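A.B. asks: Chains as they are written, first to last, in my numbering: chain A, 1 to 224; chain B, 1001 to 1224. Every residue, glycine too, gets a C-beta built ideally from N, C-alpha and C. Every value quoted in this text rests on a predicted model; they were computed, and no experiment measured them. Here's a structure for you.
There are 2 protein chains.
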Amino acid sequence: MKMLVADDDRDLRELIGFTLTQAGYLVVKAGDGPAALRMFEAESPDLVVLDINMPGASGFQVCEAIRKRSRVPVIMLTVRGEEEDLVRALELGADDYLTKPFSPRTLLARIKALLRRAGMENSAPLAAGRVTLDIDEHTVRIGTAQPVRLTKLELRLLQMLLANAGHTVSTDRLLIQVWGHRNSADRQLLKQLVHRLRQKIEVDPATPQLLQTASGAGYKLVVE
Amino acid sequence: MKMLVADDDRDLRELIGFTLTQAGYLVVKAGDGPAALRMFEAESPDLVVLDINMPGASGFQVCEAIRKRSRVPVIMLTVRGEEEDLVRALELGADDYLTKPFSPRTLLARIKALLRRAGMENSAPLAAGRVTLDIDEHTVRIGTAQPVRLTKLELRLLQMLLANAGHTVSTDRLLIQVWGHRNSADRQLLKQLVHRLRQKIEVDPATPQLLQTASGAGYKLVVE
DNA sequence: CCTGATTGTCACCGTTTTATAACCGATCAG
DNA sequence: CTGATCGGTTATAAAACGGTGACAATCAGG
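Dropping the structure here:
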């Protein structure tokens, strides 16, 4: 598990690096925004710890750039008393934040929670009702039918719906979980993805039995 | 999703309560430490917003008592410049904190992040009397009847009435909470919305039993 | 570099939802 | 009595939404 730590404060960077290394993670570091982006490209870490206040490019810009190409978990660091920054960070797609000062223990707890949530620790085969999802193989099986291959996005969408099987998941949440941003203008993407997924998993895609629309609310996976 | 707000500052308490109610959460309030603990016992909220400085029992004691029996997310409120309090609060098991003053938007962002972290973002249905509102599904159920689909605005209106079940809510407040503005010319919108909602939830829409008019004042949801 | 698969973008359709307007009856003050 | 206001109702226009097909851009594997 590789992690990128980006902070211009050398001491803090080293402290975080040490903490993570001790915990058994591989760590790469960057001291400013551009470096962080280069490192991100070069190392493709599994998680990013990102300070908001950095020379070169602010944490916002880095976060935005990362979100453009990846859904990797991002934890933002901020100094106390800049709550407005936090709101912006979370809206830009950051997954969590920490306010300085924080204890190494807190940092580790947050990181573990985040990894758990991102499902990077357990790749348990998800199933509900007649739907069985094999994440490693990128396939679904409906009932006893032949498994169907899914694309990356289709898999993510179905994974989210499956995790909340029987309950409606709002379009906003799906947008965040699948693409990593909440630009509500991007409804079209979801429309298309749902359409394509239905072609694959529904007996009659025109009258969905599994992936149903909750008009005005979102979509839900129906299980008996 | 039920939330407990404990703060001795009445104005702030109401402000927070209003913010959370508007966001669709059910809110219970307490003005001091002992009351907070009683409410916690009686209502078993899903999240607690806790001021550190309160008469009766300090926020610390309340937090500690809560942590003894529950892992419910706790957000502490503190005034700026009392950093040592924060450290203590976090060590006592608080999950997050906010420094006064803060914006409602910030509070909401934090709460959502916290709920996400705790994996509790699925809200339980909101209910009063025979009316059960499922916010995720955008549906109401009256008694044991078939659930009825609601539109976005109908849902918001009913949510507000339900949050104040048994009490009249003024037209002005409804306008603000549903549409976000108080242009008194827009009373027509409310008239329409009430009409449409009655068609959906009343047995005989011409003689409303549930969504009754308080002439000259507003509307109220009658529950037995 | 080429090729097929995947993903993003656009345009269009029919339906649902929301906004706007007009009309009706009841009530009440002048 | 008259005119104004209020709440309810009906009708209609405007906007938003969801579904679909076509096609362009991008990505991944050979």
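(1) Just to confirm my understanding: we take V1148 (chain B), look at its own chain, exclude 5 residues before and 5 after, and list those with CB closer than 8 Å. What are they?
(2) Under 8 Å, Cβ to Cβ, is there at least one residue of chain A near K1100 (chain B)?
(3) Taking only beta-carbon atoms, is L1193 (chain B) less than 8 Å away from chain A?
(4) I believe L210 (chain A) touches L190 (chain A) by the beta-carbon criterion, under 8 Å. Please report the beta-carbon distance rounded to the nearest angstrom.
(5) Quick check: what's the CA-CA separation for V194 (chain A) versus T213 (chain A)?
(6) Distance, Cα to Cα, S1184 (chain B) vs L1221 (chain B)?
(7) Examine chain A for any beta-carbon lying closer than 8 Å to the beta-carbon of R1149 (chain B), and answer yes or no.
(8) Whose Cβ in chain A lies nearer than 8 Å to the Cβ of E1224 (chain B)?
(9) Reducing DSSP to helix, strand and coil, say where G1129 (chain B) ends up.
(10) According to a CB-to-CB cut-off of less than 7 Å, which residues of the stretch 1105-1117 of chain B neighbour chain A?
(11) Opposite G1016 (chain B) in the DSSP bridges: which residues?
(12) What residue range does the alpha helix (DSSP H) around Q1225 (chain B) cover?
(13) Please report the residue range of the beta strand (DSSP E) in which Q1212 (chain B) lies.
(14) How would you label P1045 (chain B), buried or exposed, when you count the other beta carbons within 10 angstroms and need 16 or more for buried?
(15) Since I1075 (chain B) sits in a beta bridge, which residues does DSSP pair it with?
(16) Just the C-alpha distance for K152 (chain A) and D9 (chain A), rounded to the nearest angstrom, thanks.
(17) When the distance is taken between beta carbons, is V74 (chain A) closer than 8 Å to V5 (chain A)?
(18) Among B:N1164, B:D1204, B:D1085, whose alpha-carbon lies nearest the alpha-carbon of T1099 (chain B)?
(19) Using a Cβ-Cβ cut-off of 7 Å (strictly less than) and excluding sequence neighbours within five positions of A1065 (chain B), which residues of its own chain qualify?
(20) Just how far apart, CA to CA, sit D1186 (chain B) and P205 (chain A)?
(21) Based on the DSSP secondary-structure assignment, which residues constitute the bridge partners of L1221 (chain B)?
(22) Who are the near neighbours of E1154 (chain B) in its chain, counting only those whose CB is closer than 6 Å to its CB and skipping five residues on each side?
(23) Which of helix, strand or coil does DSSP assign to A30 (chain A)?
(24) Kindly say whether S184 (chain A), judged by its beta-carbon, lies nearer than 8 Å to any beta-carbon of chain B.
(25) Helix, strand or coil, according to DSSP, for I1142 (chain B) in the structure here?
(26) Using the Cα positions of F1102 (chain B) and T19 (chain A), report the straight-line distance between them to the nearest angstrom.
(27) For Y219 (chain A), does the count of other Cβ atoms within 10 angstroms reach 16, so buried, or fall short, so exposed?
(28) What are the boundary residues of the beta strand (DSSP E) that A6 (chain A) is part of?
(29) From which residue to which residue does the alpha helix (DSSP H) around L1190 (chain B) run?
(30) Look up D1011 (chain B) in the DSSP assignment and say whether it is helix, strand or coil.
(31) With 16 as the cutoff for other CB atoms within 10 Å, does E1137 (chain B) come out buried or exposed?
(32) Under the three-state reduction of DSSP, which class applies to D1134 (chain B): helix, strand or coil?
(33) So, with DSSP's three-state summary, where would you put T168 (chain A)?
(34) Could you check whether the Cβ of L19 (chain A) sits closer than 8 Å to any Cβ belonging to chain B?
(35) Closer than 8 Å, CB to CB, is H181 (chain A) near chain B or not?
(36) Taking 8 Å as the CB-CB cut-off, is L86 (chain A) touching chain B?
C.D. replies: Taking the structure as given:
(1) T1139, V1140, R1141, I1142, K1200, I1201
(2) no
(3) no
(4) Contact doesn't hold; Cβ gap of about 17 Å is too wide.
(5) 10 Å
(6) 22 Å
(7) yes
(8) Going along chain A, no residue has its Cβ under 8 Å from E1224 (chain B), so there is no contact; the nearest lies around 29 Å.
(9) coil
(10) R1105, T1106, A1109, A1113, R1117
(11) At residue 1016 (chain B) the sequence reads Ile, which differs from the Gly that was named. Partner(s): none; I1016 (chain B) has no beta bridge.
(12) Since the first and last residues shown for chain B are 1001 and 1224, residue 1225 (chain B) lies out of range.
(13) 1211-1214
(14) buried
(15) B:V1049, B:D1096
(16) 37 Å
(17) no
(18) The shortest Cα separation from T1099 (chain B) among B:N1164, B:D1204, B:D1085 belongs to B:D1085.
(19) L1037
(20) 42 Å
(21) B:L1211
(22) Taking E1154 (chain B) as the centre and dropping the five residues before and after it, the same chain places the C-beta of L1197 closer than 6 Å to its C-beta, in chain order.
(23) strand
(24) Residue contact check for S184 (chain A) against chain B: no CB pair falls below 8 Å.
(25) strand
(26) 32 Å
(27) buried
(28) 2-6
(29) 1187-1201
(30) helix
(31) Buried, since its Cβ has 16 or more Cβ neighbours within 10 Å.
(32) strand
(33) strand
(34) Note on residue identity: the sequence assigns Thr, not Leu, to residue 19 (chain A). No, because no Cβ of chain B sits closer than 8 Å to the Cβ of T19 (chain A).
(35) no
(36) yes
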